[in-house]
Amino acid sequence: MAIGLPARARDAQRFTGSHEEIGRAAIEVFKELGWTYTGSVPAELRASVGMSLWSWGERVQVLIGEDGLVSIESRGAMPMQWLDWGRNARNCQAFLSALARRRPAAR
Numbered sequence: 000m001a002i003g004l005p006a007r008a009r010d011a012q013r014f015t016g017s018h019e020e021i022g023r024a025a026i027e028v029f030k031e032l033g034w035t036y037t038g039s040v041p042a043e044l045r046a047s048v049g050m051s052l053w054s055w056g057e058r059v060q061v062l063i064g065e066d067g068l069v070s071i072e073s074r075g076a077m078p079m080q081w082l083d084w085g086r087n088a089r090n091c092q093a094f095l096s097a098l099a100r101r102r103p104a105a106r
């Protein structure tokens with residue numbers, strides 16, 4: 000459970016494939032998880048996660064390195080959301096697990 004302003008969690012994992020292949024797979028994962036893809040710039044994808052009983056929603060940022068390192072950060076959508084009940088960490092884990100089903104993890 001993260002506490003901060005806003006509450007956030009980060010994680011990373013290295014995957015095989017080109018930058019473009021990983022990016023396409025990441026957008027598919029957003030759809031699979033029911034997240035709204037909100038845009039991208041080179042090497043960065045963004046999505047939003049809807050509200051729930053315990054959260055005002057989250058904003059997700061995914062960075063894809065040329066070496067296949069995928070970093071994800073999930074943070075509360077509201078600036079004053081200081082407690083996340085573990086939701087941001089679960090978002091990071093769900094994303095990386097779903098991406099691993101589409102792209103093999105690098106060793």
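Just so you know, numbering that gives the first Met the number 0 puts 62 at position 63 of the sequence shown, and the rest follows in order with no gaps.
By construction, the Cβ of each residue, glycine as well, lies at the ideal position given by its N, Cα and C atoms.
Asked: Expressed to the nearest angstrom, what Euclidean distance is found between the alpha-carbon atoms of ARG23 and LEU82?; Found: 32 Å
Asked: Is the distance from the Cβ of ARG122 to the Cβ of GLU57 below 8 Å?; Found: As shown, the chain starts at 0 and ends at 106. That puts residue 122 outside it, with no answer to give.
Asked: What does a CB cutoff of less than 7 Å around TRP55 pick up in its chain, not counting 5 residues either side in sequence?; Found: GLY75, ALA76, MET77, GLN80
Asked: What residue does the alpha helix (DSSP H) around SER96 start on, and which one ends it?; Found: 86–101
Asked: Within the continuous alpha helix (DSSP H) that includes LEU32, where are the two ends?; Found: 18–32
Asked: Report yes or no: do the stretch 38–52 and the stretch 3–14 share at least 3 C-beta pairs separated by less than 8 Å?; Found: no
Asked: The beta strand (DSSP E) that contains ASP10, what's its start and end?; Found: 7–13
Asked: Any idea which residues DSSP pairs ARG74 with across the strands?; Found: ARG7, ARG58
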